[in-house]
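Residue numbers (the numbering used here): 15 to 284.
All residues carry an ideal CB built from backbone N, CA and C; glycine is no exception.
Right, one structure below, let's go through it.
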């Protein structure tokens, strides 16, 4: 399904930069809105499309039918902010999709917390195929399973729903066995072409030297990063852009040749 009203705002879409130049990215008017208000304001989002937030009143969208953005990495210095942005994506996808067309899996240091969060908007876990802790065998099993599923789809087999693997802290991948790490890296490079996505987080305050994952992701979303932690990151993003970001819900990503700032919505109690 497509919707021409919103195609300019999809990640990696070149047309977006022309529309955004007419808007004020730096306005703080976008900083106080809620998730419910965002959904109410944009009721006709296509199926299999996540809303990340908005910039200058325009929604920032992630279309699971378009493989061009590739796997997504969210980078900042506050892991809870990464989790909240992932929750926004999950909630919006549940609203705009059917369980037969979308499933997601979460791997985290805090699986119980994720179970509680997901139950608020997916009470029957119809969309959530699984939540695993980092040291559970099921975490590596999910990576093996999704890599096999993606490989089958690339060769014309195993068609099925779009799938997203959410990993809120990419550091946990370093504790997995070599085969799981190799399959994970293969998914980063090839999964989107078969509608199996990876959305991962990197907390630079916790892991200031863990830079190698950044190069592996085609789409990078940066949140606030303390100036002491932003040194050496200029090959990924100009430091001046990072310095402009506010803590918690303010992010920036590159769409075509433009760095686009946006605000994620407030979740309940956020």
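**Asked** How long is the line joining the alpha carbons of residue 269 and residue 88, rounded to whole angstroms?
**Response** 15 Å
**Asked** Under the three-state reduction of DSSP, which class applies to residue 298: helix, strand or coil?
**Response** Because the chain in this structure spans residues 15 to 284, residue 298 falls outside the shown range and cannot be described.
**Asked** Taking contact to mean at least 3 C-beta pairs separated by less than 8 Å, is the segment 134 to 141 in contact with the segment 161 to 172?
**Response** no
**Item:** Host alpha helix (DSSP H) of residue 2 (start-end)
**Value:** This structure does not reach residue 2, given that the chain is present from 15 up to 284, and the question cannot be answered.
**Asked** Taking just the CA atoms, how far does residue 228 sit from residue 253?
**Response** 16 Å
**Prompt:** Are residue 115 and residue 147 touching if we call contact CB-CB under 8 Å?
**Reply:** no
**Request:** State the Cα-Cα distance for the pair residue 251 and residue 257, rounded to the nearest angstrom.
**Result:** 11 Å
**Which residues DSSP lists as bridging residue 73, in chain order** = 68
**Message:** Among 196, 72, 206, whose alpha-carbon lies nearest the alpha-carbon of residue 82?
**Reply:** 206
**Message:** If I measure Cβ to Cβ from residue 110 and keep anything under 6 Å in the same chain, skipping five residues before and after, which residues do I get?
**Reply:** 59, 61, 63
**Prompt:** Could you give the C-beta distance for residue 93 and residue 280, rounded to a whole number, given that I count them as a contact under 8 Å?
**Reply:** Actually they are not in contact, since the Cβ atoms of residue 93 and residue 280 sit about 18 Å apart, beyond 8 Å.
**Request:** For residue 131, collect the residues of the same chain with a Cβ closer than 7 Å to its Cβ; drop the 5 residues on either side in sequence, then sort them by chain order.
**Result:** 101
**Asked** When DSSP builds the beta bridges, which residues end up paired with residue 117?
**Response** 177
**Request:** Report all residues from its chain with a CB closer than 6 Å to the CB of residue 35; omit the five preceding and five following residues, and keep chain order.
**Result:** Unreliable positioning characterises residue 35 in this predicted model, as indicated by a pLDDT of 45, which lies under 50. The coordinate reading is nonetheless provided below. Nothing meets the Cβ criterion.
**Item:** Reduced DSSP category for residue 264 - H, G, I as helix; E, B as strand; rest coil
**Value:** strand
**Message:** I'd like to know whether the C-beta atoms of residue 25 and residue 188 end up nearer to each other than 8 Å.
**Reply:** no
**Item:** the segment 175 to 192 touching the segment 145 to 162, judged by at least three CB pairs closer than 8 Å
**Value:** yes
**Request:** Might you give, ordered along the chain, the residues of its own chain that have their beta carbon closer than 6 Å to the beta carbon of residue 177, omitting 5 neighbours on each side?
**Result:** 117, 210
**Request:** Measure from the alpha carbon of residue 238 to the alpha carbon of each residue in 96, 56, 66, 53, then state which is nearest.
**Result:** 96
**Request:** Determine, using beta carbons only, whether residue 144 and residue 119 come nearer to each other than 8 Å.
**Result:** yes
**Asked** Looking only at C-alpha atoms, which of 241, 163, 107, 103 sits nearest to residue 214?
**Response** 103
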